[in-house]
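Chains as they are written, first to last, in our numbering: chain D, -1 to 271; chain C, 159 to 519; chain E, -14 to 282.
Ideal placement from N, C-alpha and C gives every residue a C-beta, glycine not left out.
Written as structure tokens, this is what we have:
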């Protein structure tokens, strides 16, 4: 019981006096994590009603997911859209961020604000707005249209992550490389990029997840063969509780958790943000 | 390391303005081939801006910079072929020592065997043989400084720029490196431009020193001339210690408080003149001393401060102006008996009696 | 070298160089700017235009007029504000103690506990909404447990209403409050707390008089993000609200999907946008938004 009397902070408050804080915080952490993960055990339930703990275990909801052409095609669409969004948003976000960081142009601040706007304005506006434009130019239900729309949603995140990396990066390194004979481009590729690579990877994964998890824009502009997984899930949820969604949710949790762990391991290992 | 011949640098009319502030105000400067030239000034004086203009990282508003006969002011930094050492060394942490040093050679597509050879030579030059595989984070401050130097000279630049490269080192190491850099410069012969705010470092290392203040070039001279014949009060005050006594030019000579001073040369300017008195040039007058070629001051001792190898005697002149005198602490000298409150006579030799113009700020 | 019309050596050439470099560097942003203009600026401008076009194809304020006249629109806006405000307040009450707890932990433990915030943050909001739907339904775990333990006899109606919506939204928004708040708490120097206790403050006094005021910018930033995001929320109220919680974003969708009324949808969108930027504008006078959004320089 000595721990209770030990000092817990610089102000000499003891752990015992802080017990209420520890209990409150643990409860909140529990309430954050458990509802996120509860679908995992439930997805293995044999029953239609997803009890917890499941009385009988089965893979039937996974079977129903993997054997459904509609779900499989939607999954493929979401993965493709996520991948393309990552491949488009990351490079154009990184070069834009670099340009704004080194530029002394008056307009730089304004451009930054413009590129950040997509996360500030309600997504529904981008949803119906892009839908309206896409109808006119025939981009509705196309992969290309979906990727462009998701790219602007991912850009602000790429920009924020990469800009903060540039800010903590010593641009003197790039000057040194240039004084040694490297052009600005070579200096960036050989000196700057290798050192901010973890931020760039994080930004890329965020871009992927932004697209992969996106519901509202996809609801309007994706459809037919190019309907996304989230669009189909959302429609299914509005009608009834389809237990297949528990198995899909489990797979989505595993995908995002793996991505987070990968970035954490990479980031921590090198001590670079 | 192959010895290279330095290139002369010719700077004319270089001006850089930030808003209404002149970082560089119409600078003209000729740097000789193989010279070790130091840019000295307080922080914000424009010395680093000038160095960055030479390296290509600051674009002046107008003016001309020539390396040899070639105008380079419009050239990108990587086309200028100058070696540069940065204040924080700017070593690449994702490369080891060898990779850092070989970086400029790899950019120049030098073949592998030659790279290995030249990297080893460079490591030898900076006395880091065998350190090639070390990571940058495993090096001490002094070792990093040497790697930065090796990287800046490995590709045989004919001009070397250094931006306060020793400021991060402790005092002992700094003094050791000053001498090493000086030797290296003599060995390699490249034209070197060195930026510092440390006047002692400038005096120790340079062939010539350029003093800069508020973007203006104050004076360009050898260390000796700069110390003994500063162009104005700013330079005199920035380099070494001194007291300034107001003097008048009355046509036939220089007068201080009604007393005509013996001087070697009369200044051209008539107004705003000051007598510069360096503490170590003053002496206590002893009985029977020959005072020909000496100026004599009657003073009262106000304070004695012991500083180890020397002591400072603070004195007040008859008209209330104060100055100081530096004396050695050797024992057995008559001046050791001086006490606070004593009235004594001080002498200053004719050749130490320098009159400077007030100004330079 | 040449003497230019400016009369100074190389002046014109240097000026041209500087302009060219500035243009090239700014040019690096063009691909991104192009995307944002095509998919966001032009469409939103179109919506503005549409919102002022009446059913007869001429300029008209009828869509805005209807918003003012109709009781149902007033209800929707009221509901949107109510849900956003309640979500923000509950997030503050729950988030502040947790952020404080995390900020007081040694780095290693804090990183592990931080996962409890990051895991939901990175998990699809659709998945989390679904989880709550399953948990809160009539035959869900919570009702089962409550009845098994004898707290209540009949299954409670926990979902398809306001409380279900709020539970889901708070869970989804909490990380957005905690992350900036935690960052601002971490940046408060420990020395301040030492100093105040050295000056005679009790731990409680130190907290309220030193720590809490210094954590306010982070709290403001986090609350702002939560409130703004809540205003435009769609997925969670649509699934957990069961038609009883209709927010602006849902009404916009209904106008388009059910009635194909672009004018009305656009007008609602414009009002939502103006509210959002209005709040951001007011907030920018109170908090430095740079801290929230990364900032350009």
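| Asked | Found |
| --- | --- |
| First through last residue of the beta strand (DSSP E) which encompasses residue 185 of chain C | 179 to 189 |
| Chain D residues whose Cβ lies nearer than 9 Å to that of residue 254 of chain E | 120, 122, 123, 126, 127 |
| Through-space distance from residue 24 of chain E to residue 123 of chain D, alpha-carbon basis | 10 Å |
| Three CB pairs or more closer than 8 Å across the stretch 500 to 513 of chain C and the stretch 446 to 463 of chain C | yes |
| Residues that residue 44 of chain E bridges to, as DSSP identifies them | E/38 |
| In chain order, each alpha helix (DSSP H) run of at least 4 residues that lies wholly inside the stretch 126 to 151 of chain E | 126 to 133 |
| Identity of the residues DSSP links to residue 440 of chain C by a beta bridge | C/506 |
| Contacts around residue 255 of chain C, its chain only, beta-carbon distance under 6 Å, and the 5 residues preceding and following it disregarded | 289, 290, 292, 305 |
| Euclidean distance between Cα positions of residue 58 of chain E and residue 52 of chain E | 6 Å |
| Per-residue DSSP class, three states only, for residue 177 of chain E | helix |
| 8 Å contact criterion, which residue 232 of chain E and residue 218 of chain E should meet: CB distance rounded | 6 Å |
| Continuous beta strand (DSSP E) stretch holding residue 401 of chain C: start and end | 401 to 407 |
| Spatial neighbours of residue 298 of chain C in its chain, beta-carbon cut-off 6 Å, leaving aside the 5 residues before and after | none |
| Counted within 10 angstroms of its Cβ, other Cβ atoms place residue 176 of chain D as buried (16 or more) or exposed | buried |
| Span separating the alpha-carbon of residue 177 of chain C from that of residue 17 of chain E | 31 Å |
| Classification of residue 124 of chain E by the beta-carbon crowding that lies within 10 angstroms, buried from 16 upward | exposed |
| Interface partners of residue 112 of chain E on chain D, CB under 9 Å | 34, 37, 211, 231, 243, 246, 247, 248, 250, 251, 254 |
| Which listed residue (D/140, D/186, D/173, D/200) has its alpha carbon closest to that of residue 153 of chain D | D/200 |
| Proximity below 8 Å, CB of residue 385 of chain C to CB of residue 398 of chain C | yes |
| Residue 116 of chain E versus D/13, D/43, D/247, D/72, residue with shortest Cα-Cα distance | D/247 |
| C-alpha gap between residue 238 of chain E and residue 250 of chain E, whole angstroms | 7 Å |
| Residue 92 of chain D versus residue 139 of chain E: straight-line alpha-carbon distance, rounded | 56 Å |
| Validate contact between the stretch 220 to 233 of chain D and the stretch 192 to 206 of chain D using beta carbons, cut 8 Å, 3 pairs | no |
| Rounded straight-line distance, which links the Cα of residue 161 of chain D to that of residue 279 of chain E | Residue confidence is low: residue 279 of chain E scores 48 on pLDDT, short of 50, so the model does not pin down where it sits. No coordinate-derived value is stated. |
| Through-space distance from residue 70 of chain D to residue 63 of chain D, alpha-carbon basis | 7 Å |
| Proximal residues to residue 234 of chain C (C-beta, below 7 Å), its chain only, five neighbours per side dropped | 214 |
| Touch test, the stretch 75 to 93 of chain E against the stretch 10 to 27 of chain D, Cβ-Cβ under 8 Å, three pairs minimum | yes |
| Alpha-carbon spacing of residue 282 of chain E relative to residue 110 of chain D, whole angstroms | The pLDDT assigned to residue 282 of chain E is 35, lower than 50, so where the model puts this residue is not dependable; a value taken from the coordinates is nonetheless given after this. Their Cα atoms are separated by approximately 10 Å. |
| Per-residue DSSP class, three states only, for residue 464 of chain C | strand |
| Three-state secondary structure assigned by DSSP to residue 326 of chain C | coil |
| Assigned secondary structure, residue 285 of chain C (DSSP; H/G/I helix, E/B strand, else coil) | coil |
| For residue 29 of chain E, the three-state DSSP class (helix, strand or coil) | helix |
| 8 Å Cβ cutoff met for residue 209 of chain C and residue 198 of chain C | no |
| Extent of the continuous beta strand (DSSP E) run through residue 220 of chain C | 220 to 225 |
| Interface partners of residue 176 of chain D on chain C, CB under 7 Å | 235, 236 |
| Residue 78 of chain E, buried or exposed, once every other Cβ within 10 Å from all chains shown has been counted against 16 | exposed |
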